[in-house]
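Protein chains in written order, with the UniProt record's numbering: chain F, 1 to 162; chain X, 1 to 162.
Think of the CB as a built atom: it goes at the ideal place given N, C-alpha and C, for glycine as much as any other residue.
Protein chains: 2
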Amino acid sequence: MADWLTADEQRAWRRTAAVFTLLPAALDAQLQRDAGLTQFSYLVLAMLSEAPGRTMPMSELASMVSSSLSRLSHVVSRLEKQQWVAREPCADNGRVTMARLTDAGWDKVVATAPGHAAEVRRLVIDAVGPDRVADLDAITGEILRRLDPGGRMRANPLSQGC
Amino acid sequence: MADWLTADEQRAWRRTAAVFTLLPAALDAQLQRDAGLTQFSYLVLAMLSEAPGRTMPMSELASMVSSSLSRLSHVVSRLEKQQWVAREPCADNGRVTMARLTDAGWDKVVATAPGHAAEVRRLVIDAVGPDRVADLDAITGEILRRLDPGGRMRANPLSQGC
DNA sequence: CATGCACAGTTGAAGCATCAAGTGTACGGT
DNA sequence: ACCGTACACTTGATGCTTCAACTGTGCATG
Chain F
1 MADWLTADEQ
11 RAWRRTAAVF
21 TLLPAALDAQ
31 LQRDAGLTQF
41 SYLVLAMLSE
51 APGRTMPMSE
61 LASMVSSSLS
71 RLSHVVSRLE
81 KQQWVAREPC
91 ADNGRVTMAR
101 LTDAGWDKVV
111 ATAPGHAAEV
121 RRLVIDAVGP
131 DRVADLDAIT
141 GEILRRLDPG
151 GRMRANPLSQ
161 GC
Chain X
1 MADWLTADEQ
11 RAWRRTAAVF
21 TLLPAALDAQ
31 LQRDAGLTQF
41 SYLVLAMLSE
51 APGRTMPMSE
61 LASMVSSSLS
71 RLSHVVSRLE
81 KQQWVAREPC
91 ADNGRVTMAR
101 LTDAGWDKVV
111 ATAPGHAAEV
121 RRLVIDAVGP
131 DRVADLDAIT
141 GEILRRLDPG
151 GRMRANPLSQ
161 GC
């Protein structure tokens with residue numbers, strides 16, 4: 001079977017692929033264990049916690065967390081059941097729905113963020129070392145440019161301290 | 001809300017997190033569209049295609065693709081239904097099951113690999129540029145060391161030319 | 001103001017992943 | 001030979017994600 005990448009490229013990609021398998025699993029495991037949250041649902045809460053009024057239209061939130069509206073809608077339904085998020089119609093525009101972080105949701109984020117941030121630091125930031133954080137930033141920036149040619153991406157932050 | 005990472009670290013992490021959302025989705029989309037395969041199921045086929053005799057014990061295969069035995073078992077069941085993989089008992093050891101890539105499975109890999117490799121090159125290798133492939137290799141290597149402290153990881157290659 | 005179209009969002013079904021439990025095989029000790 | 005334990009899986013249920021279809025709102029056009 002032909003080699004489509006050079007040996008060096010292949011090694012780099014194989015390692016990258018392994019990280020793509022293991023890192024999300026590790027971060028999910030920490031959040032699930034300590035907070036009963038998915039990385040994704042945590043991200044949703046975290047983004048809301050930074051929004052003005054802790055409130056955002058669903059579609060804006062969806063683009064912030066890089067998800068489909070459908071996926072977000074399902075997740076918000078679950079978060080609503082736990083009373084961490086509330087849905088409200090928008091006065092200005094009849095077809096937008098606002099997602100608002102409740103006080104309980106805020107408390108949840110506050111309780112969850114430090115542990116998650118620590119895990120991110122341990123597994124990523126400290127792992128690559130202070131010298132290489134800039135390289136990581138540059139590399140992921142280049143890849144993002146390919147993935148999101150329009151540059152339409154929002155920050156997609158894992159939020160406060162993450 | 002306190003900042004648990006410095007501004008530089010945070011930016012690097014947010015970009016990284018965005019890549020972790022978008023890149024697997026992009027690669028999955030290509031494979032799904034062109035071959036009706038998941039990235040994971042393709043990886044399983046690809047690993048088998050490189051094994052001697054195109055055959056491997058389930059548990060070895062699982063560690064190669066960094067998955068639980070449970071997940072692998074479900075996926076192999078599906079691949080078996082499509083006649084791409086066959087399960088066979090092992091003569092030497094009554095408790096191992098061998099997974100074997102069938103001829104049809106081999107053909108499937110051959111048909112699928114080039115397109116997938118091209119997408120990997122486009123989105124990752126060419127995106128980071130030849131100068132930075134070594135950096136990518138180093139960074140992912142460091143992260144892997146944290147994720148897999150025992151060093152028990154297999155190569156986790158995306159195989160031929162990927 | 002009627003028609004058509006695009007946008008914002010929801011819903012239900014189907015597929016895949018994860019978890020907990022179960023089966024059966026090897027192996028160590030007694 | 002017997003027992004307990006650890007290993008190599010498999011299976012079924014549950015939950016999340018994705019996909020396709022649907023509702024309802026705004027907006028442009030004639």
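Per the C-alpha coordinates, the member of F/A118, F/S66, F/L79 positioned closest to F/W106 is F/L79. Boundaries around F/T97 are those of the beta strand (DSSP E), 97-101, since no alpha helix (DSSP H) includes it. Counting only unbroken stretches of 3 or more residues, the beta strand (DSSP E) elements lying wholly within the UniProt domain "HTH marR-type" (1-145) of chain X are 55-57, 85-89, 97-101, in sequence order. Chain F places no beta carbon closer than 9 Å to that of X/T97, leaving this residue out of the contacts. A direct Cα-to-Cα measurement between X/Q30 and X/V120 gives close to 10 Å. Residue-level contact by beta carbon holds for F/T140 and chain X, with a gap shorter than 9 Å. Shown in chain order are the members of the region 8-22 of chain F whose Cβ falls below 9 Å from a Cβ of chain X: D8, E9, Q10, R11, A12, W13, R14, R15, T16, A17, A18, V19, F20, T21, L22. The closest CA to that of X/A12, considering only F/A134, F/A7, F/R146, is found on F/A134. Counting only the Cα atoms, X/E142 lies some 6 Å from F/V128. Neighbours of F/D137 in chain X, taken as residues whose beta carbon is under 8 Å from its own, are D8, R11, A12, R15 in chain order. Under a criterion of Cβ atoms nearer than 8 Å, no residue of chain X is adjacent to F/A62; the nearest Cβ is some 12 Å distant. The closest CA to that of X/L45, considering only X/F20, X/T102, X/T16, is found on X/T102. Residue environment: F/H116 is assigned as buried (16 or more neighbouring CB atoms within 10 Å of its CB, all protein chains considered).
Within a 10 Å sphere around the beta-carbon of X/S66 sit 16 or more other beta-carbons, which makes this residue buried. In this structure, the straight-line span from the alpha carbon of X/G94 to that of X/A86 is close to 17 Å.
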